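Numbering of the sequence shown is given in the numbering used here, commencing with residue 65 and proceeding in unit increments.
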Amino acid sequence: MTVGFQFVRAIDSVSANISEGFGRFNKGNKIRFYRMSLGSI
Numbered sequence: 065m066t067v068g069f070q071f072v073r074a075i076d077s078v079s080a081n082i083s084e085g086f087g088r089f090n091k092g093n094k095i096r097f098y099r100m101s102l103g104s105i
């Protein structure tokens, strides 16, 4: 895997986690997905 490919995968992960967190109704779940997004950066 190249560094560029890993970077693209990390960006996709951030977007996916933010989207999933936005769709959650429970505040705790939203925070968990937003924190996972930060960890992917």
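Cβ atoms here follow ideal geometry from the backbone N, Cα and C, with glycine treated the same way.
If you're wondering where the values come from, they're calculated on a predicted model, not measured in any experiment.
ask   = Count the other CB atoms within 10 Å of the CB of ASN81; is the residue buried (16 or more) or exposed (fewer)?
value = Its Cβ being crowded by 16 or more others within 10 Å, ASN81 is buried.
task = Could you tell me the boundaries of the alpha helix (DSSP H) in which GLY85 lies?
result = DSSP places GLY85 in the uninterrupted alpha helix (DSSP H) bounded by 67-86.
request  = Give me the Cβ distance between LYS94 and GLY103, rounded to the nearest whole Å; I'm assuming they're in contact under 8 Å.
outcome  = That belief does not hold up - the Cβ atoms of LYS94 and GLY103 are roughly 15 Å apart, past 8 Å.
key: Where PHE97 sits in the DSSP three-state scheme   = Under the three-state reduction of DSSP, PHE97 is assigned to helix.
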